[in-house]
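Down below is the structure, laid out as structure tokens.
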Amino acid sequence: AVDGKYVGSTPSTLKLAAGDHTISVEKPGFKSWRRTVTLASGSEITLDATLEKAQ
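Residue numbers for the sequence shown follow this note's numbering, so the first one is 14 and each next one is one higher.
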């Protein structure tokens with residue numbers, strides 16, 4: 014999800030506006046993964062979300 018809105022499954026390529034965004038990845042049986050990123054206009058980043066098994 015990006016900023017709390019579902020955007021699809023991974024892997025995924027997204028175009029986002031400049032500014033702060035919260036990226037989250039969730040899968041049943043695993044701990045949620047969440048990061049806040051700040052994007053500059055025209056920038057490109059790659060995120061690698063490694064999920065841990067839930068206890």
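Think of the CB as a built atom: it goes at the ideal place given N, C-alpha and C, for glycine as much as any other residue.
Just confirm the distance between the C-beta atoms of residue i and residue j, as a whole number of angstroms; I'd bet it's less than 8 Å.
| i | j | result |
| --- | --- | --- |
| G42 | A67 | 6 Å |
Using DSSP with H/G/I as helix, E/B as strand and the rest coil, what is residue i?
| i | result |
| --- | --- |
| G17 | coil |
| G32 | strand |
| S45 | coil |
| K40 | coil |
| T23 | coil |
For residue i, which residues from the same chain have a beta carbon less than 8 Å from its beta carbon, with the 5 sequence-adjacent residues on both sides left out?
| i | result |
| --- | --- |
| L27 | V15 and V20 |
Among residues of its own chain, excluding the 5 on either side of residue i, which ones have a beta-carbon nearer than 7 Å to its beta-carbon?
| i | result |
| --- | --- |
| A81 | With the chain represented from 14 up to 68, any question about residue 81 goes unanswered, as that position is not in the structure. |
| S37 | A14, S45, W46 and R47 |
| L29 | V15 and L52 |
Relative to the C-alpha of residue i, which residue among the options is closest?
| i | options | result |
| --- | --- | --- |
| E65 | E39, T49 and V50 | E39 |
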